[in-house]
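Chemist:
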Amino acid sequence: MRPLSQDLRQRIIAARERGAGTGEVCRRFGVSRKSVERFWKQHRLTGDCRPKQIAVTGAPAWKSMTEPYAVDWGAGGSDLERTQNGVWRT
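Heads up: the sequence shown at position 55 corresponds to 97 in our numbering, and the numbers run straight through without jumps.
1. DSSP three-state call for R51: helix, strand or coil?
2. Roughly how many angstroms lie between the CA atoms of S74 and R124, to the nearest whole one?
3. Pull up the distance between the alpha-carbon of A62 and that of R44, whole angstroms please.
4. Provide the residue(s) that pair with E123 in DSSP beta bridges, ordered along the chain.
5. Please classify R86 as buried or exposed, where buried requires at least 16 other C-beta atoms within 10 Å of its C-beta.
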């Protein structure tokens, strides 16, 4: 889910500063009660309401599908091998 825009966050904070209740702000801007409470708390604690940076970790999901498989069939070995396009053959 994408973060709400900075403009919307500032309008929510402005409405709360004017005395609007959490429920009223939720209905007016179409956001969840939890979002309004979180923005308001962040604003009170830090004076700002910017979204947190989204962390990008690990390899993309598609990459794991293209990696070759390492197959260990035990000490006896196997006559199966995997071709370059991913098909198993004997």
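Note that the Cβ used here is the ideal one computed from N, Cα and C, for glycine as well.
Modeler: Let me spell this out:
1. helix
2. 51 Å
3. 25 Å
4. R131
5. exposed
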